[in-house]
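What follows is one structure encoded as structure tokens, with my remarks underneath.
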DNA sequence: GCCATTCATACGCTGAGCTTCTTAATGGCG
DNA sequence: CGCCATTAAGAAGCTCAGCGTATGAATGGC
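Residue numbers (the numbering used here), protein chains in the order written: chain C, 850 to 1151; chain W, 850 to 1151.
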């Protein structure tokens, strides 16, 4: 027993719309006899006549009229399904879940997301703010497709890629004795420091190593979890802090920011994604790379 | 270039639901290699991967997840379309348009329609009241599927079939001199008559012939178009009228009804339908015949 | 490190669907 | 009234799509 295929529907719709087997066969690019046969098979399969035909006239039965509407809808659905799947496969439609820590949007990421949205209007970008320790779990569970963080973990399933590098600023409480436009790390050796929690933050440990490299072990008065909290603690008088350049854009009234010029310090942000992350994530990464290259070129030229 | 067929969807859905080629192949009753090949063809056709597969694990891509939902919907639609078409072909669902004149429902037709509705619950019966001259046009244009009238026309496209026969009653105004339980036609020879318009009504001409056959030419004081109007004209004092038995069921306060027993008169109602009327009409006719037969048997026995 | 399991590939075969040729039927036209 | 053009259906042969069998490659479990 033959089963119904889309071919039967295509043939039937052609005949039903032309009300002629020969015209339909011509339009379909097949000969007339196989068309007649396929229609016959379809009618046998359904168990009722769809077309009433004499040698001079072809007309739809009531069943045929109903079936025509549905057949066209099915063919349309099939076309639509393939187009949608293709679009999703290309990464031009769908939902892209981006995971990041709260302070990350202050840097180039905001503009990057805006540009991506402009290019891929069919993609809905969902931004999930989450603490660094939850990011890996979110990626692995598929909750997010791509995450941005300063501490790329070593995980065989996950790939990390440098997104951008920032300079380091020192945050000084208002009225602090240092008044120079820029500072060196060593002139901070007698200060009290507010740090990110060393246990969690690769960035904090990196800064610590830099201090040691500059010849002193910093006195740590407080440890915070969120980078944005550091500024507030400085404002409250707990000491000074070293923060990524772009976090300093989130200005605070009772502190001042000064770039650290010696040694040259940098805070790296990494894009982290799953090995089998979708095409949207790859498109995002591609845009990110081209954007980084553009920035580098501009810096070189300007 | 191969085109997509329902087979591809069936295969894909099977694999996507089992998340295993071998299990799906087993369920589909085919070997695993052709299944792999069909999936590959489908992916080529769509232009993107739908399934991510290693030798140990099969998983859906984002495109695959979307496509799975749509593929299942399409297969369901196809099944639904065939079932609906089959049902329409059998006459068990659809709309049956019945055309009739206003007074026709008083007879056996009401019960017949009720019984038909009980048997074919999927059929929506639409009753169209219309004047006799519009019935043929309605049938030919497809506006109605089956019509009931007392004057079957001779038309090569239309078939008529005796639906039932009724006796004839005479309608007398209240206080008329005739007081017997039943009357003969000849004892009405000196009455004034209200008739249906002779130009339109085969029934009226039939009655006229019967009067002539009984030895008199009736004095016609008024002619009406609707059978139901005759009773009102009698009540108004325009004379007496001869009407089909079942129309007399529509009782009127100021008249009395008496059967005409000699000669035996009958008013026939015919079912009229198109040569290519649908299966619902045929089902209705079949029920009508069996009902008529049942009535005849009951009459014979009782 | 071996083995079992599973998906992909290779290859030959069967039959479904196609083309061509032909027949039957019907409406239009002279 | 009969011929012809037109159209759907039937017959026969062919081609290739899809299937089955056999085999290979890869991966996770023991």
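Virtual Cβ for every residue (Gly too), placed ideally from N, Cα, C. Note that the structure is a prediction, hence the values are computed from the model and not measured.
C-alpha distance - residue i paired with residue j, whole-angstrom precision
i, j, result
"residue 909 (chain C)", "residue 865 (chain C)", "7 Å"
"residue 912 (chain W)", "residue 991 (chain C)", "15 Å"
"residue 982 (chain C)", "residue 1025 (chain C)", "34 Å"
"residue 1101 (chain W)", "residue 915 (chain C)", "46 Å"
"residue 1086 (chain W)", "residue 1132 (chain W)", "45 Å"
"residue 994 (chain C)", "residue 867 (chain C)", "49 Å"
"residue 1006 (chain W)", "residue 918 (chain W)", "48 Å"
"residue 925 (chain C)", "residue 923 (chain W)", "10 Å"
"residue 1047 (chain C)", "residue 961 (chain C)", "30 Å"
"residue 946 (chain W)", "residue 1139 (chain W)", "21 Å"
"residue 966 (chain C)", "residue 989 (chain W)", "59 Å"
"residue 1130 (chain W)", "residue 896 (chain C)", "19 Å"
"residue 1065 (chain W)", "residue 1039 (chain W)", "9 Å"
"residue 943 (chain C)", "residue 878 (chain W)", "35 Å"
"residue 902 (chain C)", "residue 1125 (chain W)", "11 Å"
"residue 1035 (chain C)", "residue 1063 (chain C)", "6 Å"
"residue 1017 (chain W)", "residue 959 (chain W)", "19 Å"
"residue 940 (chain C)", "residue 1055 (chain C)", "36 Å"
"residue 996 (chain W)", "residue 1050 (chain W)", "16 Å"
"residue 905 (chain C)", "residue 974 (chain W)", "33 Å"
"residue 875 (chain W)", "residue 891 (chain C)", "27 Å"
Contact set between residue i and chain C, taken where Cβ atoms lie within less than 7 Å
i, result
"residue 915 (chain W)", "933, 934, 937"
"residue 855 (chain W)", "853, 854, 855"
"residue 1156 (chain W)", "Residue 1156 (chain W) lies beyond the range of chain W shown here (850 to 1151); nothing can be said about it."
Whole-Å CB distance - residue i paired with residue j, under 8 Å assumed
i, j, result
"residue 934 (chain C)", "residue 899 (chain W)", "7 Å"
"residue 1090 (chain C)", "residue 1052 (chain C)", "Residue 1090 (chain C) to residue 1052 (chain C), Cβ: 12 Å. No contact."
"residue 1060 (chain C)", "residue 1114 (chain C)", "With a Cβ gap of about 10 Å, residue 1060 (chain C) and residue 1114 (chain C) do not count as contacting."
"residue 907 (chain W)", "residue 870 (chain W)", "7 Å"
"residue 858 (chain W)", "residue 853 (chain C)", "Not really, about 11 Å apart at Cβ, beyond 8 Å."
"residue 1019 (chain W)", "residue 1079 (chain W)", "Actually they are not in contact, since the Cβ atoms of residue 1019 (chain W) and residue 1079 (chain W) sit about 11 Å apart, beyond 8 Å."
Three-state secondary structure (DSSP) of residue i
i, result
"residue 936 (chain C)", "helix"
"residue 871 (chain C)", "helix"
"residue 1110 (chain C)", "strand"
"residue 885 (chain C)", "helix"
"residue 1022 (chain W)", "strand"
"residue 971 (chain W)", "coil"
"residue 851 (chain C)", "coil"
"residue 1117 (chain W)", "strand"
"residue 1127 (chain W)", "coil"
"residue 923 (chain W)", "helix"
"residue 1084 (chain W)", "helix"
"residue 1062 (chain W)", "helix"
"residue 1090 (chain C)", "strand"
"residue 1035 (chain W)", "helix"
"residue 1147 (chain W)", "helix"
"residue 1101 (chain W)", "coil"
"residue 1014 (chain C)", "strand"
"residue 879 (chain W)", "coil"
"residue 1009 (chain C)", "strand"
"residue 1030 (chain C)", "coil"
"residue 1071 (chain W)", "strand"
Cross-chain neighbours of residue i in chain W, by beta carbon under 7 Å
i, result
"residue 896 (chain C)", "935, 938"
"residue 943 (chain C)", "911"
Beta-carbon neighbours of residue i, restricted to chain W and to distances below 8 Å
i, result
"residue 1084 (chain C)", "The premise fails here: residue 1084 (chain C) is roughly 45 Å from chain W at the closest Cβ pair, so nothing lies under 8 Å."
"residue 902 (chain C)", "Within chain W, no residue comes near residue 902 (chain C); the closest Cβ sits about 12 Å away, beyond 8 Å."
Per-residue contacts from residue i into chain W (C-beta, under 9 Å)
i, result
"residue 922 (chain C)", "926, 930"
"residue 889 (chain C)", "Correct list: empty, because the minimum Cβ distance to chain W is about 15 Å."
Partner residues on chain C for residue i, Cβ-Cβ distance less than 9 Å
i, result
"residue 899 (chain W)", "934, 938"
"residue 1127 (chain W)", "910, 911, 912"
"residue 1143 (chain W)", "Ordered by position in chain C, no residue passes the 9 Å Cβ test against residue 1143 (chain W), which lies about 29 Å from the chain."
"residue 1131 (chain W)", "Result: empty, since nearest Cβ-Cβ is about 12 Å, beyond 9 Å."
"residue 906 (chain W)", "Within chain C, no residue comes near residue 906 (chain W); the closest Cβ sits about 11 Å away, beyond 9 Å."
"residue 1138 (chain W)", "In chain order: nothing, as chain C lies at least about 22 Å away."
Cross-chain neighbours of residue i in chain C, by beta carbon under 8 Å
i, result
"residue 1048 (chain W)", "Here the premise fails: no neighbours, minimum Cβ distance about 35 Å."
Tell me whether the region 1013-1021 of chain C and the region 1087-1096 of chain C touch, counting them as touching only if at least three CB pairs, one residue from each stretch, are closer than 8 Å. yes
Quick one: any contact between the region 1144-1151 of chain C and the region 879-896 of chain W, if contact means 3 or more CB pairs under 8 Å? no
Just checking, does the region 925-944 of chain W make contact with the region 1105-1124 of chain W on the three C-beta pairs under 8 Å criterion? no
How about the region 884-897 of chain W and the region 945-957 of chain W: do they share at least three Cβ pairs that are nearer than 8 Å? no
Touching by the beta-carbon criterion (3+ pairs, under 8 Å), the region 1028-1035 of chain W and the region 1102-1109 of chain W: yes
Is the region 1134-1141 of chain C in contact with the region 1065-1076 of chain C, if contact means three or more CB pairs nearer than 8 Å? no
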